[in-house]
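Residue numbering for the sequence shown is -14 to 317, as defined by my numbering.
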Amino acid sequence: MLSAIAVITLLAILFGAILTVAVARLPVAGDLRIDRIDALLPQTQCGQCGHAGCRPYAEAIAHDQTDINLCSPGGDATIAGLADLLGMEIKPLDASLERVEVRTVAVIDEHACIGCTLCIQACPVDAILGANKQMHTVISEECTGCDLCIPPCPVDCIDKVPVSQDIRKVRLPLPNNNVPTIKANNQRTHTVQTCIRCGRCAQVCPSQLLPQQLYWHARAGRLDKAQDDNLFDCIECGYCNTICPSHIPLVDYYRHAKSEILKQRRDRQRADHARKRTTFRKFRLDRAEQERSERHAAKRAALRQQTQDKPTAPVSVSLTRVEQKHKGTSVN
-14 MLSAIAVITL LAILFGAILT VAVARLPVAG DLRIDRIDAL LPQTQCGQCG HAGCRPYAEA
46 IAHDQTDINL CSPGGDATIA GLADLLGMEI KPLDASLERV EVRTVAVIDE HACIGCTLCI
106 QACPVDAILG ANKQMHTVIS EECTGCDLCI PPCPVDCIDK VPVSQDIRKV RLPLPNNNVP
166 TIKANNQRTH TVQTCIRCGR CAQVCPSQLL PQQLYWHARA GRLDKAQDDN LFDCIECGYC
226 NTICPSHIPL VDYYRHAKSE ILKQRRDRQR ADHARKRTTF RKFRLDRAEQ ERSERHAAKR
286 AALRQQTQDK PTAPVSVSLT RVEQKHKGTS VN
(Lines of atoms letter the chains of each structure in order from A and count residues from 1; the text may use other names and numbers.)
(Lines give C-alpha, C1' and ligand atoms only; values in the text may rest on other atoms or scores of the structure.)
Protein backbone atom coordinates (compact mmCIF):
# COMPACT_ATOMS: atom_id res chain seq x y z
CA MET A 1 0.00 0.00 0.00
CA LEU A 2 2.75 2.44 0.99
CA SER A 3 4.79 1.56 -2.08
CA ALA A 4 1.82 2.31 -4.36
CA ILE A 5 1.31 5.70 -2.69
CA ALA A 6 4.99 6.46 -3.07
CA VAL A 7 4.92 5.56 -6.77
CA ILE A 8 1.86 7.75 -7.39
CA THR A 9 3.48 10.64 -5.52
CA LEU A 10 6.69 10.33 -7.54
CA LEU A 11 4.72 10.22 -10.80
CA ALA A 12 2.76 13.32 -9.80
CA ILE A 13 5.98 15.19 -9.01
CA LEU A 14 7.55 14.03 -12.28
CA PHE A 15 4.57 15.08 -14.42
CA GLY A 16 4.35 18.40 -12.59
CA ALA A 17 8.01 19.10 -13.33
CA ILE A 18 7.49 18.18 -16.99
CA LEU A 19 4.51 20.53 -17.26
CA THR A 20 6.46 23.34 -15.61
CA VAL A 21 9.35 22.95 -18.04
CA ALA A 22 6.94 22.70 -20.99
CA VAL A 23 5.15 25.90 -20.04
CA ALA A 24 8.44 27.74 -19.64
CA ARG A 25 10.25 26.35 -22.68
CA LEU A 26 7.83 25.33 -25.41
CA PRO A 27 6.74 27.96 -27.94
CA VAL A 28 3.50 29.75 -27.23
CA ALA A 29 1.29 30.80 -30.12
CA GLY A 30 -0.54 34.08 -30.52
CA ASP A 31 -0.49 37.22 -28.44
CA LEU A 32 0.63 35.40 -25.29
CA ARG A 33 3.99 34.64 -26.88
CA ILE A 34 4.36 38.28 -27.95
CA ASP A 35 3.36 39.48 -24.47
CA ARG A 36 6.03 37.31 -22.86
CA ILE A 37 8.68 38.65 -25.20
CA ASP A 38 7.50 42.22 -24.71
CA ALA A 39 7.64 41.79 -20.93
CA LEU A 40 11.39 41.13 -21.15
CA LEU A 41 12.15 44.29 -23.14
CA PRO A 42 13.12 47.52 -21.32
CA GLN A 43 10.29 49.56 -22.93
CA THR A 44 12.49 52.51 -23.82
CA GLN A 45 10.75 52.69 -27.23
CA CYS A 46 14.03 53.98 -28.68
CA GLY A 47 13.80 52.27 -32.07
CA GLN A 48 17.49 51.28 -32.13
CA CYS A 49 16.42 47.75 -33.02
CA GLY A 50 15.04 49.04 -36.31
CA HIS A 51 11.39 48.82 -35.26
CA ALA A 52 8.91 51.47 -34.15
CA GLY A 53 9.03 50.40 -30.50
CA CYS A 54 9.37 47.48 -28.12
CA ARG A 55 6.02 45.92 -29.02
CA PRO A 56 6.73 45.82 -32.79
CA TYR A 57 10.16 44.36 -32.01
CA ALA A 58 8.52 41.67 -29.86
CA GLU A 59 6.12 40.86 -32.69
CA ALA A 60 9.02 40.57 -35.14
CA ILE A 61 10.88 38.22 -32.78
CA ALA A 62 7.76 36.11 -32.27
CA HIS A 63 7.41 35.68 -36.04
CA ASP A 64 11.13 34.90 -36.53
CA GLN A 65 11.65 38.05 -38.58
CA THR A 66 14.58 39.49 -36.61
CA ASP A 67 17.34 38.58 -34.14
CA ILE A 68 17.15 38.74 -30.36
CA ASN A 69 20.39 40.72 -29.98
CA LEU A 70 19.24 44.12 -31.26
CA CYS A 71 18.10 45.70 -27.98
CA SER A 72 20.90 48.02 -26.92
CA PRO A 73 19.25 49.41 -23.73
CA GLY A 74 18.42 45.90 -22.52
CA GLY A 75 21.94 44.63 -23.12
CA ASP A 76 23.13 41.15 -22.27
CA ALA A 77 20.47 40.57 -19.61
CA THR A 78 17.62 41.06 -22.09
CA ILE A 79 19.33 38.89 -24.71
CA ALA A 80 19.82 36.12 -22.14
CA GLY A 81 16.19 36.36 -21.05
CA LEU A 82 14.92 36.17 -24.63
CA ALA A 83 17.19 33.24 -25.41
CA ASP A 84 15.98 31.39 -22.32
CA LEU A 85 12.33 32.07 -23.15
CA LEU A 86 12.60 31.04 -26.79
CA GLY A 87 15.05 28.17 -26.29
CA MET A 88 17.69 29.84 -28.46
CA GLU A 89 21.43 30.32 -28.21
CA ILE A 90 22.64 33.46 -26.44
CA LYS A 91 24.19 35.92 -28.87
CA PRO A 92 26.37 38.97 -28.20
CA LEU A 93 24.89 42.40 -28.77
CA ASP A 94 24.93 43.36 -32.44
CA ALA A 95 28.22 45.06 -33.29
CA SER A 96 26.46 47.96 -35.04
CA LEU A 97 24.77 49.04 -31.80
CA GLU A 98 26.24 51.15 -29.01
CA ARG A 99 26.15 49.47 -25.62
CA VAL A 100 24.23 51.45 -22.99
CA GLU A 101 26.26 51.42 -19.78
CA VAL A 102 24.43 54.14 -17.81
CA ARG A 103 20.76 55.08 -17.99
CA THR A 104 20.20 58.63 -19.22
CA VAL A 105 17.26 61.04 -19.37
CA ALA A 106 16.61 64.06 -21.58
CA VAL A 107 16.97 67.62 -20.26
CA ILE A 108 15.73 70.74 -22.10
CA ASP A 109 17.53 74.08 -21.87
CA GLU A 110 14.35 76.02 -21.16
CA HIS A 111 15.94 79.41 -21.92
CA ALA A 112 16.83 78.31 -25.45
CA CYS A 113 13.56 76.47 -26.14
CA ILE A 114 11.42 78.17 -28.81
CA GLY A 115 8.26 76.12 -28.15
CA CYS A 116 8.08 74.35 -31.50
CA THR A 117 6.46 71.18 -29.96
CA LEU A 118 8.48 68.90 -32.27
CA CYS A 119 10.01 67.09 -29.29
CA ILE A 120 6.55 66.59 -27.77
CA GLN A 121 5.37 64.90 -30.95
CA ALA A 122 8.48 62.68 -31.02
CA CYS A 123 8.32 61.48 -27.39
CA PRO A 124 6.87 57.94 -27.34
CA VAL A 125 5.79 58.08 -23.68
CA ASP A 126 4.45 61.67 -23.42
CA ALA A 127 7.21 62.65 -21.00
CA ILE A 128 7.53 66.25 -22.29
CA LEU A 129 5.22 69.06 -21.17
CA GLY A 130 4.66 72.26 -23.13
CA ALA A 131 2.54 74.06 -25.69
CA ASN A 132 3.05 75.91 -28.96
CA LYS A 133 5.40 78.90 -28.48
CA GLN A 134 5.64 78.06 -24.78
CA MET A 135 8.55 76.69 -22.76
CA HIS A 136 8.90 72.88 -22.73
CA THR A 137 10.22 70.66 -19.94
CA VAL A 138 10.90 66.94 -19.46
CA ILE A 139 9.31 64.84 -16.72
CA SER A 140 12.47 63.01 -15.69
CA GLU A 141 10.56 60.27 -13.85
CA GLU A 142 8.72 59.38 -17.06
CA CYS A 143 11.63 59.74 -19.52
CA THR A 144 13.00 56.44 -20.84
CA GLY A 145 16.15 57.93 -22.37
CA CYS A 146 15.19 56.96 -25.92
CA ASP A 147 16.85 60.11 -27.43
CA LEU A 148 14.08 60.41 -30.04
CA CYS A 149 13.40 64.00 -28.99
CA ILE A 150 16.93 65.21 -29.76
CA PRO A 151 17.06 65.02 -33.61
CA PRO A 152 13.83 67.01 -34.26
CA CYS A 153 14.92 69.97 -32.09
CA PRO A 154 15.76 72.88 -34.46
CA VAL A 155 17.78 74.83 -31.87
CA ASP A 156 19.67 71.92 -30.27
CA CYS A 157 18.45 72.73 -26.76
CA ILE A 158 17.96 69.11 -25.63
CA ASP A 159 20.73 67.09 -24.00
CA LYS A 160 20.87 63.75 -22.21
CA VAL A 161 22.36 63.38 -18.74
CA PRO A 162 23.09 60.24 -16.70
CA VAL A 163 20.76 59.31 -13.88
CA SER A 164 22.33 59.82 -10.44
CA GLN A 165 24.00 56.73 -9.07
CA ASP A 166 23.10 54.90 -5.85
CA ILE A 167 25.35 55.56 -2.86
CA ARG A 168 25.77 51.80 -2.46
CA LYS A 169 27.90 51.80 -5.61
CA VAL A 170 30.55 54.11 -4.15
CA ARG A 171 34.04 52.65 -4.53
CA LEU A 172 35.67 51.73 -1.22
CA PRO A 173 38.69 49.60 -0.20
CA LEU A 174 37.95 45.87 -0.43
CA PRO A 175 39.92 42.71 0.39
CA ASN A 176 39.58 41.50 -3.21
CA ASN A 177 37.74 42.30 -6.43
CA ASN A 178 35.07 39.63 -5.91
CA VAL A 179 33.40 41.35 -2.95
CA PRO A 180 30.44 43.58 -3.96
CA THR A 181 30.89 47.32 -3.51
CA ILE A 182 28.81 48.63 -0.59
CA LYS A 183 29.19 51.43 1.89
CA ALA A 184 30.12 49.31 4.93
CA ASN A 185 33.29 47.79 3.47
CA ASN A 186 35.77 50.48 4.59
CA GLN A 187 37.00 48.71 7.69
CA ARG A 188 39.84 46.44 8.73
CA THR A 189 39.63 43.21 6.79
CA HIS A 190 40.85 39.65 7.15
CA THR A 191 42.18 37.37 4.48
CA VAL A 192 39.12 35.80 2.89
CA GLN A 193 39.42 32.09 2.25
CA THR A 194 37.25 29.50 0.53
CA CYS A 195 34.05 28.37 2.21
CA ILE A 196 34.65 25.04 3.98
CA ARG A 197 30.93 24.30 4.39
CA CYS A 198 31.21 23.96 8.14
CA GLY A 199 27.62 25.03 8.74
CA ARG A 200 28.38 27.29 11.69
CA CYS A 201 26.60 30.23 10.04
CA ALA A 202 23.35 28.27 9.94
CA GLN A 203 23.65 27.43 13.64
CA VAL A 204 23.82 31.07 14.75
CA CYS A 205 21.31 32.56 12.28
CA PRO A 206 18.41 34.05 14.33
CA SER A 207 16.12 33.89 11.29
CA GLN A 208 16.81 30.16 10.82
CA LEU A 209 18.04 30.67 7.26
CA LEU A 210 20.75 28.88 5.31
CA PRO A 211 23.48 31.54 5.03
CA GLN A 212 25.80 29.22 3.13
CA GLN A 213 23.25 28.60 0.38
CA LEU A 214 22.40 32.29 0.22
CA TYR A 215 26.10 33.06 -0.17
CA TRP A 216 26.53 30.68 -3.10
CA HIS A 217 23.38 31.98 -4.82
CA ALA A 218 24.38 35.62 -4.32
CA ARG A 219 27.93 35.00 -5.49
CA ALA A 220 26.76 33.20 -8.64
CA GLY A 221 24.10 35.81 -9.40
CA ARG A 222 21.24 33.33 -8.99
CA LEU A 223 18.98 35.93 -7.47
CA ASP A 224 15.80 33.93 -8.03
CA LYS A 225 17.25 31.03 -6.05
CA ALA A 226 18.28 33.41 -3.29
CA GLN A 227 14.71 34.70 -3.06
CA ASP A 228 13.41 31.14 -2.92
CA ASP A 229 15.66 30.62 0.11
CA ASN A 230 14.08 33.67 1.81
CA LEU A 231 16.92 36.14 1.28
CA PHE A 232 14.79 39.08 2.41
CA ASP A 233 14.16 37.42 5.78
CA CYS A 234 17.81 38.11 6.61
CA ILE A 235 18.04 40.89 9.20
CA GLU A 236 21.75 41.49 8.48
CA CYS A 237 22.72 41.03 12.11
CA GLY A 238 26.25 39.94 11.18
CA TYR A 239 26.41 36.82 13.34
CA CYS A 240 27.32 34.72 10.31
CA ASN A 241 30.19 37.09 9.49
CA THR A 242 31.57 36.81 13.00
CA ILE A 243 31.39 33.02 13.22
CA CYS A 244 32.71 32.29 9.72
CA PRO A 245 36.21 30.72 10.01
CA SER A 246 36.97 31.72 6.40
CA HIS A 247 36.21 35.40 7.14
CA ILE A 248 33.77 35.61 4.21
CA PRO A 249 31.77 38.88 4.27
CA LEU A 250 28.46 37.04 3.98
CA VAL A 251 26.24 39.98 4.87
CA ASP A 252 27.88 42.07 2.16
CA TYR A 253 26.87 39.49 -0.43
CA TYR A 254 23.32 39.44 0.94
CA ARG A 255 23.06 43.24 0.82
CA HIS A 256 24.40 43.34 -2.70
CA ALA A 257 21.95 40.63 -3.82
CA LYS A 258 19.05 42.49 -2.20
CA SER A 259 20.01 45.74 -3.89
CA GLU A 260 20.24 44.00 -7.27
CA ILE A 261 16.83 42.38 -6.79
CA LEU A 262 15.28 45.70 -5.82
CA LYS A 263 16.95 47.37 -8.80
CA GLN A 264 15.49 44.74 -11.13
CA ARG A 265 12.07 45.29 -9.59
CA ARG A 266 12.34 49.05 -10.08
CA ASP A 267 13.48 48.57 -13.66
CA ARG A 268 10.55 46.24 -14.33
CA GLN A 269 8.09 48.66 -12.74
CA ARG A 270 9.56 51.49 -14.82
CA ALA A 271 9.26 49.37 -17.97
CA ASP A 272 5.66 48.42 -17.20
CA HIS A 273 4.81 52.07 -16.56
CA ALA A 274 6.45 53.13 -19.82
CA ARG A 275 4.52 50.42 -21.67
CA LYS A 276 1.24 51.75 -20.28
CA ARG A 277 2.10 55.32 -21.28
CA THR A 278 3.08 54.19 -24.78
CA THR A 279 -0.15 52.24 -25.14
CA PHE A 280 -2.23 55.20 -23.96
CA ARG A 281 -0.37 57.56 -26.30
CA LYS A 282 -1.15 55.31 -29.25
CA PHE A 283 -4.79 55.12 -28.15
CA ARG A 284 -4.93 58.92 -27.81
CA LEU A 285 -3.43 59.54 -31.25
CA ASP A 286 -5.68 56.95 -32.90
CA ARG A 287 -8.73 58.48 -31.23
CA ALA A 288 -7.73 61.98 -32.33
CA GLU A 289 -7.22 60.77 -35.90
CA GLN A 290 -10.59 59.02 -35.88
CA GLU A 291 -12.35 62.13 -34.54
CA ARG A 292 -10.63 64.26 -37.19
CA SER A 293 -11.74 61.88 -39.93
CA GLU A 294 -15.31 61.89 -38.60
CA ARG A 295 -15.36 65.72 -38.54
CA HIS A 296 -14.10 65.92 -42.12
CA ALA A 297 -16.62 63.32 -43.27
CA ALA A 298 -19.46 65.19 -41.57
CA LYS A 299 -18.33 68.47 -43.14
CA ARG A 300 -18.18 66.92 -46.61
CA ALA A 301 -21.63 65.41 -46.15
CA ALA A 302 -23.04 68.78 -45.06
CA LEU A 303 -21.54 70.53 -48.08
CA ARG A 304 -22.90 67.86 -50.37
CA GLN A 305 -26.37 68.18 -48.85
CA GLN A 306 -26.21 71.96 -49.07
CA THR A 307 -25.37 71.75 -52.76
CA GLN A 308 -28.24 69.36 -53.41
CA ASP A 309 -30.76 71.50 -51.51
CA LYS A 310 -29.76 74.80 -53.19
CA PRO A 311 -32.81 76.31 -55.04
CA THR A 312 -32.56 76.20 -58.84
CA ALA A 313 -35.66 78.38 -59.63
CA PRO A 314 -33.75 81.63 -60.35
CA VAL A 315 -31.52 79.82 -62.80
CA SER A 316 -34.53 78.34 -64.60
CA VAL A 317 -36.22 81.75 -64.83
CA SER A 318 -33.07 83.31 -66.27
CA LEU A 319 -32.72 80.57 -68.88
CA THR A 320 -36.37 81.00 -69.91
CA ARG A 321 -35.93 84.76 -70.26
CA VAL A 322 -32.84 84.30 -72.43
CA GLU A 323 -34.62 81.78 -74.66
CA GLN A 324 -37.60 84.14 -75.11
CA LYS A 325 -35.29 87.00 -75.96
CA HIS A 326 -33.55 84.94 -78.63
CA LYS A 327 -36.91 83.90 -80.11
CA GLY A 328 -38.10 87.53 -80.31
CA THR A 329 -34.91 88.55 -82.06
CA SER A 330 -35.30 85.78 -84.63
CA VAL A 331 -38.90 86.85 -85.49
CA ASN A 332 -37.91 90.45 -86.10
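Here a beta-carbon is modelled for each residue, glycine too, at the ideal position from N, C-alpha and C.
State the CB to CB distance for the pair residue i and residue j, rounded to an integer number of angstroms; the pair is presumed to be in contact (CB under 8 Å).
i    : j    : result
L109 : T264 : Checking the sequence shown, residue 109 turns out to be Pro, not Leu. P109 to T264, Cβ: 11 Å. No contact.
L26  : A43  : 6 Å
G60  : V85  : 7 Å
V189 : I228 : 5 Å
T122 : G130 : No, T122 and G130 are not in contact; Cβ-Cβ is about 16 Å, not under 8 Å.
Check whether the Cβ atoms of residue i and residue j lie closer than 8 Å to each other.
i    : j    : result
R88  : V177 : no
Q198 : R182 : no
A97  : V146 : no
C39  : D23  : yes
N54  : D79  : yes
Y200 : L247 : no
D213 : S192 : no
Q28  : S57  : no
E245 : L208 : yes
P137 : C104 : yes
Y238 : R185 : no
A68  : E74  : yes
Determine the closest residue to residue i out of the options, with distance taken between C-alpha atoms.
i    : options                : result
H258 : F0, I19, Q30           : Q30
P243 : G184, V146, A65, N215  : Correcting the residue type first, residue 243 is Lys in the shown sequence and not Pro. Of the listed residues, the one whose Cα sits closest to K243 is N215.
D134 : R185, T102, Q193, K118 : Sequence inspection shows Cys at residue 134; the Asp mentioned does not correspond to that position. C134 has its Cα closest to that of T102, out of R185, T102, Q193, K118.
T179 : T51, P230, Q291, D69   : P230
F268 : I64, A45, E74, D111    : D111
V92  : K76, C128, A62, Q119   : C128
H241 : S278, E83, M73, A211   : A211
G35  : L70, L(-5), F0, S81    : S81
Y224 : A187, R253, R260       : A187
Would you say residue i lies against chain C (beta-carbon separation less than 8 Å)?
i    : result
L270 : Of the chains in the structure shown, none is chain C; there is only one protein chain.
Looking at the strands, I want to know which residues DSSP matches up with residue i.
i    : result
D144 : V92
I246 : The partner list for I246 (beta bridge, DSSP) is empty, contrary to what the question assumes.
T122 : L114
Say yes only if the C-beta of residue i is nearer than 7 Å to one or more non-hydrogen atoms of the ligand NAP, and no if none qualify.
i    : result
L114 : Of the ligands one can find in the structure shown there are none, so the ligand NAP has no counterpart to examine.
Within the stretch 36 to 95, note down every full alpha helix (DSSP H) run reaching 4 residues or more, in order along the chain. 39 to 47, 60 to 71
Could you pull out every unbroken alpha helix (DSSP H) segment of at least 4 residues lying fully inside the stretch 199 to 239, listed in chain order? 208 to 213, 224 to 228
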